[in-house]
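Shown next, in C-alpha cells, is the structure this report addresses.
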Ligand code: BDR
Ligand code: CA
C-alpha cells in the first residue's frame, strides 16, 4: 500500500505531541511531509521547539519542522498557558531539540508543497487555523490541491475556553472562518468527540506496560496534562483531542460522519469562536464539511497502543 502523504499543522501542546508520535510511528502507513507550527497552546517559539523535540524522540529525520504565524489574524494571542497555566510539555523531560528548523516559513512551505503536488496531500490541523488561512489568502488555488483536511476544532455542545467556544476556533475565529468556507474537503472533529476519548488508567495500562522511552514519555505527558482536565471537568483522565484526527486519517472506520453546514462566529463577544452547526439547513447553506458524529473509543486506544508499541521494534 502507498503511504499517505500528510502535513501536520500543530501547536504542541501535550495532546499535539501525542498526535505527532502517533503519526510518526514506524507502524503507520503515513508519510509526514512536514510539520508546521503556529502559536496556540503556547507561543510559537515553544510550539516549534516542542515539535522538534518530539521529532527527535520519534527518531524522525524525514519531515522538516517549519515555524509559522506567531499570532492570530486579527486578535491578540491567547494561549492555554495564559488561561490555564499549562505550558505544553513542561514537567516532562524530553531530549534537547536536535532536529534542525527548516528555513522557509510554514506558509510558503504549505503553498509550494501543495501547488507542486498531484493533489494527493492530506492535512491534519491540530491548532488555531492561522497558517492555513494565510496560505489560502495568499494562494487560493491550494484549496483544490488539498485532498482532505481533518480539523480538530469547534464544539457542538459546550466549549472549553468559553461556554460557547472550543480553544482552536476561539483563538483565531477569523482564520477558522476563512478555512471552513474555502471549498476544501473537510472533516471536523469537535470537542464532543474528543471529550469521549478519555485517557483513563485502564486504557493507558497497555502503553505503560511497554516500558520504552516513547511509552514513558506518553505516560509522563498524560499524567501531567490530565490534572487540569480532571480538576475542571471531573474526567478520569485527559481527553486526547488531537490524536483523534490522526486516528481518523489512519483508520476512518473508527468514526462515523455526516455532511453538515458549519460556520464560525466572528463578531459577538459572548459567543466568539462558536461553531454553529446547521444540521437541518435552516439557514439554507449547503453542507461545507463532514462532521464526525461517533467514535469507537476502545478501537481508538487500541490503535494508539499499537502505534506507540511500534517504536520498540
Ligand atoms: C484543542 O486545543 C488545544 O489546547 C489542544 O491541543 C487541542 O488542539 C482542544 O480544544
Ligand atoms: Ca492542538
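Numbering (our numbering), first residue to last: 7 to 319.
For every residue, glycine included, the Cβ atom is placed at its ideal position computed from N, Cα and C.
In this structure, residue 268 keeps its C-beta atom at 8 Å or more from the C-beta atom of residue 280.
Excluding residues up to 5 positions away in sequence, 245 lie with their Cβ nearer than 6 Å to the Cβ of residue 201 in the same chain. Here DSSP, grouped into helix, strand and coil, assigns residue 33 to coil.
Within 7 Å of the C-beta of residue 47 there is at least one heavy atom belonging to ligand 2. Separation of the CB atoms of residue 36 and residue 10 is rounded to 5 Å, and the pair is thereby assigned contact status at 8 Å. Straight-line measurement puts the Cα of residue 301 at about 21 Å from the Cα of residue 14. Residue pairing by DSSP puts residue 281 in a beta bridge opposite 270. Here residue 249 is near residue 310, since their CB atoms are less than 8 Å apart.
Relative to ligand 1, the nearest heavy atom lies less than 7 Å away from the CB of residue 19. In the structure shown, the three-state DSSP call for residue 261 is strand.
Remark: C-beta atoms of residue 273 and residue 242 do not approach each other more closely than 8 Å.
Listed in chain order, the non-local C-beta contacts of residue 299 below 7 Å within the same chain comprise 262, 263 and 264, local neighbours out to five positions each way being set aside. In this structure, the beta-carbon distance from residue 55 to residue 251 does not fall below 8 Å. Taking residue 144 as the centre and dropping the five residues before and after it, the same chain places the C-beta of 113 and 117 closer than 8 Å to its C-beta, in chain order. Using a cutoff of 7 Å, the CB of residue 302 does not count as near ligand 2, since none of the ligand's heavy atoms is closer than that. Residue environment: residue 238 is assigned as exposed (fewer than 16 neighbouring CB atoms within 10 Å of its CB, all protein chains considered). Boundaries of the beta strand (DSSP E) around residue 13: 10-16. Scanning its chain for C-beta atoms nearer than 7 Å, with the 5 sequence neighbours on each side dropped, one finds around residue 126 the residues 11 and 153, in chain order. Under a 10 Å Cβ-count criterion, residue 296 is classified as buried, with 16 or more other Cβ atoms of the shown protein chains found around its own Cβ. Taking 8 Å as the cut-off, the beta carbon of residue 188 is found no closer than this to the beta carbon of residue 120. Looking from the CA of residue 150, the closest CA among 156, 124 and 210 belongs to 124. DSSP places residue 239 in the helix class (H, G or I) of the three-state scheme. Assignment of beta strand (DSSP E) within the region 121-167, counting only whole runs of 3 or more residues, yields 127-131 and 152-158 in chain order.
Non-local beta-carbon contacts of residue 31 in its own chain, meaning distances under 6 Å to residues more than five positions away in sequence, involve 313 and 316 in chain order.
For ligand 2, no non-hydrogen atom lies closer than 7 Å to the CB of residue 52.
When secondary structure is reduced to three states using DSSP, residue 245 falls in the strand class.
DSSP places residue 190 in no alpha helix (DSSP H); its state is neither H nor E. When distances are taken from the beta-carbon of residue 132 to the heavy atoms of ligand 2, the shortest one is below 7 Å.
Annotation for residue 87 indicates a beta carbon at 7 Å or more from all heavy atoms of ligand 1. Just measuring C-alpha positions, the residue of 214, 159, 231 and 213 sitting nearest residue 197 is 159.
Nearest to residue 73 by alpha-carbon distance, out of 177, 109, 230 and 105, is 109.
Boundaries of the beta strand (DSSP E) harbouring residue 70: 70-73, taken from the DSSP string.
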